[in-house]
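Student: Heads up, the sequence shown is in the numbering used here, so the first residue is 2 and it goes up one at a time. The beta carbon of each residue, even a glycine, is placed where N, CA and C say it ideally should be. Take a look at the following structure, please.
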Amino acid sequence: FVKMVHNGIEYGMMAAYAEGLNVLATADIGAEDHEHDAETAPLEKPEYFRYQFDLAKVTEVWRRGSVVTSWLLDITAAALATDPTLEGYAGVVSDSGEGRWTVSAAVEVGVPVPVLSAALFSRFSSRDRDAIANKILSAMRAGFGGHVERTEGVQ
């Protein structure tokens, strides 16, 4: 049971690193030209988003004395140093079951675990099994508001 909960925590930590680094990776979006229409929310202050970060360097700094340092960050820094764009990975994230069991146990005893649940569901989303759900959402938006589905340049 302790190992199961340990792995649930691990899922949350991994997701937090991935999400934070994703924010840094997209922090240069203000430097790009974007169409503004009813389907795309414009950047309110694009000049605030013109950063270009070297994620390998950022993670290397973080792993040497930051409050977020950990073995998981060491692994992340090594992966980014070897493959800065992570082209060698498809981004399909499996789960070994412990995260599911942790969330199920929390439901059984009535304990909220929003971070662990979100981390688990994020792994599910990475497998593209929600494709029909997203198509249904697009179909509904087209039906109620005539919203045309955009497949390029969506932010």
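What residue from ALA134, ALA57, ALA42 and ASP29 has the CA that sits closest to TYR49's CA?
Tutor: ASP29
Student: Short of 8 Å in beta carbon distance, which residues of its chain neighbour THR83, apart from the five on each side in sequence? Order them along the chain.
Tutor: Once the five neighbours on either side are set aside, THR83 has no close Cβ partner at all.
Student: Are there 16 or more other CB atoms within 10 angstroms of the CB of VAL69, so buried, or fewer, so exposed?
Tutor: VAL69 comes out exposed.
Student: If you scan the region 28-76 from start to end, which runs of the alpha helix (DSSP H) of 4 or more residues do you find wholly inside it?
Tutor: 56-63
Student: If you drop the 5 nearest sequence neighbours on each side, which residues of the same chain put their C-beta closer than 8 Å to that of LEU81?
Tutor: LEU56, ALA57, THR60 and LEU87
Student: When the Cα atoms are used, what is the spatial distance from GLU36 to SER127?
Tutor: 27 Å
Student: Quick one: Cα of ALA17 to Cα of GLU11, how far?
Tutor: 10 Å
Student: From the DSSP output, in three-state form, read off ALA91 for me.
Tutor: coil
Student: How many whole angstroms separate the CB atoms of GLY31 and PRO43, which I take to be in contact at a CB cut-off of 8 Å?
Tutor: With 8 Å as the limit, GLY31 and PRO43 do not qualify as a contact, their Cβ atoms being about 11 Å apart.
Student: Taking HIS7 as the reference, give the member of GLY98, ARG65 and ASN23 with the closest Cα.
Tutor: GLY98
Student: In the DSSP assignment, find the alpha helix (DSSP H) that holds ARG151 and state where it starts and stops.
Tutor: Membership of ARG151 in any alpha helix (DSSP H) is not indicated, and neither H nor E is assigned to it by DSSP.
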